[in-house]
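Chemist:
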Amino acid sequence: MELIKTKIFEMRYFSALLMLFVNLTGCSILLYEHSATPDPKISEGMVFPERIPLKVAIKFISNTHSDSVPISLHPLRKDKHILSIADVKVLSATKKLFTEIFTRIFSDVRVLEENPNINDIFDLKINVRTVSKKSDWRAVKSDKERISAYIKYEVSILSGKEEIANFTVEDRKSISLYGKKYSLSIDNFISTRNELTNLKELTNLEERIGSYDFDKKVYEAYSNTHTKAHLNRTYLNDNVKDAFESAMNRAGEEFLDKFKRFMDTENNPISKLVEQNELPADLVFGEINFSDESSKFPNQAIDVRQPSTLTIPIHNNGQGKAFDTRLDISLGNNIPIEIIGDRAFGSIRPGEEKKIRLQIQGGLDLMDGIAKLTIRAKEKRGYDSKEILFKIPTRALRPPEIVITGYKIKDGNAGFASGNDNRIPENGETVELIPILKNHGIGPAIDVELAITEINDGLDVKERSLTIPWILPGQSALRTLVFSIPRTHSGKRIDIGLTATDSRKDVFHTRKTLSLDMQTRRPILSYTHKITDHGNGHLENGDEGDIEIRLTNNGNLDAHSVVIELDAKGISLPKSHVELDRIAAGFKVAPQIFPFHIPRTFDRKGAKLGIRIRQADFPEIVDVIPLPIRQIRPDFEIIHNIITDGGNIVEQGKPLEIPVKVKNIGQLDAKDVSLEIQTDADNFLQKGVRLNATSERRIRIGSIPAKRESNPRRFIIDVQRRAEVGELPIKFRITQKDFPTQKRLVAVKIRASQPEERIVVRGDTARQYTNNMPPIINVVLPKNRRVTTGNSFVNFKSFVDDDRGIHQVILTVNGKEIKDLQPDETDPKKRIIETRIPLRGGENKIQIIAYDIDKNPNEEIIYVTRKTNDAIYGKRVALVIGNSKYSSNSLRNPKNDAEDMERVLKEIGFKVALGIDLNRQEMEKYIERFRKNMLDGDAGLFFYAGHANQYNGINYLIPVEFNVNTLEDKDDNEIQAELERKTINANRVLGKMAKAGNRINIVMLDACRNNPFLSGSHSRSHSRIRGLAVVQAKSGSIVSYATAPGKTASDGKGRNSPYTAALIDNIRTPGFKIEEMFKQVRIQVEKLTNGAQTPWENSSLTSDFFFGGKNAN
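Position one of the sequence shown corresponds to residue 78 (this note's numbering), numbered consecutively onward.
1) Quick one: what does DSSP say GLU937 is sitting in, helix, strand or coil?
2) Check whether the Cβ atoms of ALA328 and TYR460 sit closer than 8 Å, and answer yes or no.
3) What do you reckon, are the CB atoms on PRO514 and SER553 nearer than 8 Å?
4) Using the beta-carbon count (16 or more within 10 Å), is VAL857 buried or exposed?
5) So which of GLU728, ARG659, ILE417 has the shortest CA-CA distance to ASP694?
6) Can you give me the C-alpha to C-alpha distance between LYS277 and THR171, rounded to a whole angstrom?
7) Does the count of Cβ pairs from the region 1030-1039 and the region 975-982 closer than 8 Å reach three?
8) Mapping the DSSP letters down to three states, classify ALA1054 as helix, strand or coil.
9) Whose CA, out of THR1179, TYR1136, PHE1183, lies closest to the CA of THR1146?
10) Among residues of its own chain, excluding the 5 on either side of ARG426, which ones have a beta-carbon nearer than 6 Å to its beta-carbon?
11) Hey, GLY683 and PRO668: beta-carbon distance below 8 Å or not?
12) Give me whichever residues DSSP pairs with ASN410 in a beta bridge.
13) Span of the alpha helix (DSSP H) holding GLN1161?
14) Roughly how far, in whole angstroms, is the beta-carbon of VAL165 from the beta-carbon of ALA113, given that I think they are within contact range, below 8 Å?
15) Taking just the CA atoms, how far does GLU656 sit from VAL750?
16) Over what stretch of residues does the beta strand (DSSP E) that includes ASN516 continue unbroken?
17) Do three or more CB pairs link the region 907-917 to the region 887-899 at distances below 8 Å?
18) Leaving aside the five residues before and after TYR484 along the sequence, list all residues of the same chain whose C-beta is less than 8 Å from its C-beta, in chain order.
19) Determine the contact status of ALA636 and PRO600, defining contact as a CB-CB distance below 8 Å.
20) How would you call GLY803, buried or exposed, if buried means at least 16 neighbouring beta carbons within 10 angstroms?
21) Please say whether ILE675 and LEU616 have beta carbons closer to each other than 8 Å?
22) Can you name the residues that DSSP bridges to PHE54?
23) Distance, Cα to Cα, THR818 vs ASP712?
24) Thinking C-beta only, is ASN1029 closer than 8 Å to GLN1053?
25) Can you look up TYR1021 in the DSSP assignment and give me helix, strand or coil?
26) Go through its chain and collect everything with a Cβ distance to LEU1178's Cβ below 6 Å, but skip five positions before and after it.
27) Quick one: what does DSSP say ALA473 is sitting in, helix, strand or coil?
28) Just to confirm before moving on: does the CB-CB distance between ALA324 and ARG249 stay below 8 Å?
29) Find the nearest neighbour of HIS586 within the set GLN708, LYS432, ILE523, judged by alpha-carbon distance.
30) Find the nearest neighbour of ILE365 within the set ALA378, PRO390, THR342, ARG382, judged by alpha-carbon distance.
31) From GLY489 to SER653, what does the alpha carbon distance come to, in whole angstroms?
32) Let me know if THR578 comes out buried or exposed under the rule of 16 or more other beta-carbons within 10 Å of its beta-carbon.
33) Which residues does DSSP list as the beta-bridge partners of PHE72?
34) Taking all protein chains shown into account, do 16 or more other C-beta atoms lie within 10 angstroms of the C-beta of ILE827, making it buried, or fewer, making it exposed?
35) With a 10 Å radius around its C-beta and 16 neighbouring C-beta atoms as the bar for buried, classify GLN438 as buried or exposed.
36) So for MET340, helix, strand or coil by DSSP?
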C-alpha cells in the first residue's frame, strides 16, 4: 500500500512538471478528442417572399482540410499551461445552414460533393466558402474569462461561368465564463490508472515506454468510460457549440437579408434570368363593376364631386407569370372625369386573379351623357390583354342655393346652454346659437359646413363649426353653434359672422353677419352671522362654540368660486376656510358652521373675528365680527376632617391624620391639579412636627370640574413630644395647569395636657322652439354634465319633449341599458325619466337617447366620477391589536373586537394592520411598521383591546406573556422598571404617531377590562396600577378611552365589549364629525351598561375629521 501511494505521488509530481514544461515551450497537450456539431437554425420569421423558380447547385469549400476547429484554452496567467480540449464540426453545420437558407429561396436545390459526377444542367451555381473559423478561451481581464466563436463566409453566385453576385458575412459570439472553475479530475484519473494495471505491470510499462506515453494510454482508456469526467464543469463543450450556433445563425440571417435587398434592386441578373425562363402569360379581364353606393345620392352614374368606385379584375390564364403588369385607361371626348388610384397589378402567377379599385368622380363641367373608358392591361414582356370599352352614365350638376334665413337663441340650462333662459345673451352665460338654413336651389346641398368665422373679442366659441349631411331643395335645416360670454365681459352688442359651404369644391359658399343685443349683470353678496355657545349661553374662556355664516346673492348673476375665510387672534378655529362652488343669483346658501375654541388662558374681555368673502372675477367683502368674552377662573378651597382623639387639637407625641379634599369653587374646570403639603427638606412642618414616612408630600389629583371636589387624600403627621405647644399651621400648595399656584392653610393646635377640640377653616373662596328638429332633452339631475361624488348611486331626472311625438327613450350607463324605467306616457309628446343609477368606481358614462316618431334621434351624455376610498378619505392607516390569550387572566372579547374593528375600518378607507395575541416583541414590530406606513398621511389610528393599567400616571399596554401578579411585593422603582421593560408605554405610541406628520392621529383604548390582573390584593403597589390615566393629546390628536380615568371597562356579555360594539355601530355614519361620533358612542355605552361605564376623550384636534365621509348619502 505504501508503495502504491508513493507511485501515485510520483505520477502527480511528474504531471505537474510536464504541465510546466509544456507551458514554457508553448506547446499544447491533446488530452482527448470529443467532437460537437452545432445545430444552427434560421428564425421562422426570416422567410423569402416566394421561392424563385430556378435550379441551383451548391458547393461548400473550406480553406482547411479539417471539418472541425479546436477549442483553445488560453492561459489566464503566464504560469498556466495551454490545453486543446475538443473539436467542433463547423463545415458539417455550415452545409446544413446554407442548404436550409437556399431551400427557402429557390425551388430546386442540389448540394455538390467534392468531385461531382452529374450531368444536370443548373441555372445557377453557388459556392459557399468558409474563410475563417476559430474558437478560443481568452482572458479579457485578469478576473474574466470568455469563450469566443468566430465564423466568416464568402458566397459567390455564378450563371454559367460568369459571377453575377457575391456576399461576405461574418459574426462572433462570446460567452462569459466568469466564476466557473475547470480542472482535470485527477482523483478519477488515478483511480482508473490503478484499476487498469497492478503495480508490477505499471513499473514494467513505464520502463518500456516512459511515463508520458503511459499516461496517454491510461487517459485514452479512462476517456472511453468517462467521456466528460476530465472537467469538473461538463458543459464547456455545449457552451462552445452554442456559441458557434449563435454566430452561424446570425451570419446566415445576415446573408438572407443581403440577398433580399439584392433581389429588390431593379433589373438584377437573377430576376432577368427568371423572366427569360418564364412561359407566356395570357391576361383576361373579369367582370368590371361600377358603384356609387358611397355617394350621398346613389344613381349608378358619375356625379359632380361625388365619390364612386370602379373595380377591375384580371386573371392570368397562361402557363407563365405576368411580370410588372399595369392598367391603362383612356377617356374619349375630353370628358371632365378624375380617376384616382394605383394602377399597378404587379406580377400575376398562372391561375391567379388580382383586382384594382379606382376612385372616379366628375368635374364641375360634367354634362349629362355617357363616359367611354378604354381599358387595357400591359405586361412587361409584351403579353398584354385585349382592350375593353366600358361605358358609364354621367350626370350634370344640379346646383343648390343655401340662404341663412334666420336664427334662434337658447340660454337656459339645457343642452350646452347655461343661463337664465330669457333668450338674451348676457355675461356669464353659455349661449346656443341656432341658424336656420334653407335650400332655394334645384339640387341638394351635400355635407354643408356651417361655421362661426367672426365674433367679438373676448368671447369663447365652444362649438365653432359642424357639418349638415344634406339639405334637399326647398327644405330647411337647423343646427346648434355654441359660444360663451365671460362673466366680466361688458357690452351692448355681439356681432357674429356665419358661413355655409358645400363640401363639393366650388359648388356654393354663402356668408351672413348676425347682430345680437346683449345685457350686462353682476353678483352682489351679503352675509349675516350667528354666534352659538355650547355651554351656558355666555362666551367664556375655555368655551367652545360655533359661528354660523349665511350668504345671500342679491345680484342678477351667479357668484362663482366663493370662499369664506375667518381669522381671530387668540381664538382657535379648527375650520377657518370654506369653498363654495357657486351661489345662484337671488339665492341664499345653507348656513356655514365654523367651530371655535376659546383657550382657557384667554385674558381679554373680547375678540375680533375677521371675515373675508372672496369670489371669482368680482370684488371681495372684508369685515369684523366682535366676540364678547367673559373671563372665568378655577378657584380652590380645602375641605378637611382632622382625625385625632381631640378634634383639631392634637396632643404631643400622638399622630395627626388629615383626610383632605380639594374643591373647585370657581367657574372653570381645573386641570392637572396637584396638592402638596409644605415641609422643609427633612419633611418637618416645624420643629418637632414631621410628615410621616408612609405619607406622600405631593399628590397628583388630576382634573376637578367647576363646583366639584376631588376624592379625599390622606396625610399623616407625626407630632413629636418635643413639639412646641400652640398653633400648628399646616400649609398646602395647590398647583394646576394654565393658572397660578394657590396656597391654603389648615390650623391645628398642639397641647400638652388637656385636650381641647377646635376646628379652624380658612381660605378664599323654459320652453323650447323646434322646427323639424329631434326631441329636446332637458337633464335636470345631475345639474352638471360632469359630476364627482363619493356615493355609489346618482339620482337622474330628465324631461323629453317633441311637438310631433316621442317614439322611444333609451337610458344607458357605461353602455348597458337601464330597463323598467316606467316613464309617464300619458302625454305622447312628453316623457319624464326619473331613476337612481348605480355607479362603479371611476368614471361612469350616462347616455340618454330620444327618438321622435320619425326616428330622428337626439342624445345627452353626462359623466359621473365615483371617487375611490383614497380620493374620498385620503391616506388612512390603522393598527389594530387585540390581546385575549394572556398567560393568566385571559379575556374573551378583545380578539373579536380587533377583528371586527379591522373590518369596519377597511370599509371606510383605512389600510389596516391587524395583530392578535401579541407578545412584547411582536407589539414593538407592529408599532414600528405602523409608524413607517403612516408617514405624511392624512389620518393614523391606533386601536387596542386587552389588558392595560396605569402606574404613576403612565399607561401601559400589557402583552400576552406578561403576568402583572409578578409585581407583588416589589417597591415603586422595581415596579416602574419592570413595566418599562416588559410592557408597552402608551405615551410612546402616541409620540411616534405625532412625529409621523399626519394631519390627524386617533387613539382608541378599549382596555382596563373588568377581569383585573390583581385578584384580592390591597397592597399599596397594586392599588396604584388600576385603571387608566389621562394622556395629554398632542396637537392634532384625540385619545378615546372605553371608560373614565381610573375606572374599569366591561368586557361585555356578547361578541364585543360595549365600547367596541358602539364604535362599530356609529363609526361608518357619513356626516358625523369625530367628536359627534364619540358623543353617540358615549350615549350608547352608558345605556348598555346602565350608567356604569362612561367613555371619555381628550382632544387637541385642529381640523374636522369624518370617519364615514363628510356628506351623508
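Backbone N, C-alpha and C fix where the C-beta goes; we use that ideal spot for every residue, glycine too.
All figures in this text were calculated on a predicted structure; none of them were measured in a lab.
Modeler: The answer reads as follows:
1) Strand at GLU937.
2) Not closer than 8 Å, so no.
3) Checking the sequence, you will find Leu at residue 514 rather than Pro. It is a contact, given that the beta carbons lie within the stated cut-off.
4) Residue burial is scored here from C-beta neighbours: VAL857 has fewer than 16 other C-beta atoms within 10 angstroms and is therefore classed as exposed.
5) For ASP694, the nearest C-alpha among the options comes from ARG659.
6) In this predicted model, LYS277 has a pLDDT of only 39, less than 50, meaning its place in the structure is not dependable; the value taken from the coordinates is given anyway. Each residue's Cα considered, the two are about 51 Å apart.
7) Below 8 Å, too few C-beta pairs join the region 1030-1039 and the region 975-982 to call them touching: fewer than three.
8) When DSSP states are grouped into helix, strand and coil, ALA1054 belongs to the helix group.
9) Comparing Cα positions, the closest option is PHE1183.
10) Spatial neighbours of ARG426 in its own chain (CB-CB distance under 6 Å, excluding positions within 5 residues in sequence) are listed in chain order as LYS398.
11) No, these two residues do not count as a Cβ contact at 8 Å.
12) Paired residues: none, contrary to the question.
13) Residue range 1151-1165 is occupied by the alpha helix (DSSP H) that includes GLN1161.
14) By a beta-carbon distance limit of 8 Å, VAL165 contacts ALA113. Their separation comes to about 5 Å.
15) Taking the straight line from one Cα to the other gives about 42 Å.
16) Bounds of the beta strand (DSSP E) holding ASN516 are 507-516.
17) Yes, they touch.
18) Sequence-distant partners of TYR484 (beyond 5 residues in either direction) whose C-beta falls short of 8 Å from its own C-beta, in its chain, are LEU510, ILE511, PRO512, ILE513, LEU591.
19) If you check the CB distance, ALA636 and PRO600 come in under 8 Å.
20) Per the 10 Å Cβ criterion, exposed.
21) Yes.
22) In the structure as shown, the chain starts at 78 and stops at 1190, and residue 54 therefore has no counterpart that could be examined.
23) Looking at the two C-alpha atoms, the distance is approximately 10 Å.
24) Cβ atoms of GLN1053 and ASN1029: closer than 8 Å.
25) Assigned with DSSP and collapsed to three states, TYR1021 falls in strand.
26) Around LEU1178: ILE1115.
27) Of the three classes helix, strand and coil, the one that applies to ALA473 here is coil, per DSSP.
28) Closer than 8 Å, so yes.
29) When each option's Cα is compared against that of HIS586, the closest is ILE523.
30) Comparing Cα-Cα distances from ILE365 to each of ALA378, PRO390, THR342, ARG382, the minimum goes to PRO390.
31) Here the alpha carbon of GLY489 sits roughly 36 Å from the alpha carbon of SER653.
32) Buried: at least 16 other Cβ atoms inside 10 Å.
33) Not covered by the structure: residue 72. The range shown for the chain is 78 to 1190.
34) The residue is buried, with at least 16 neighbouring Cβ atoms inside 10 Å.
35) Counting the other CB atoms within 10 Å of its CB gives GLN438 a total of 16 or more, which places it among the buried residues.
36) Here MET340 sits in helix by DSSP.
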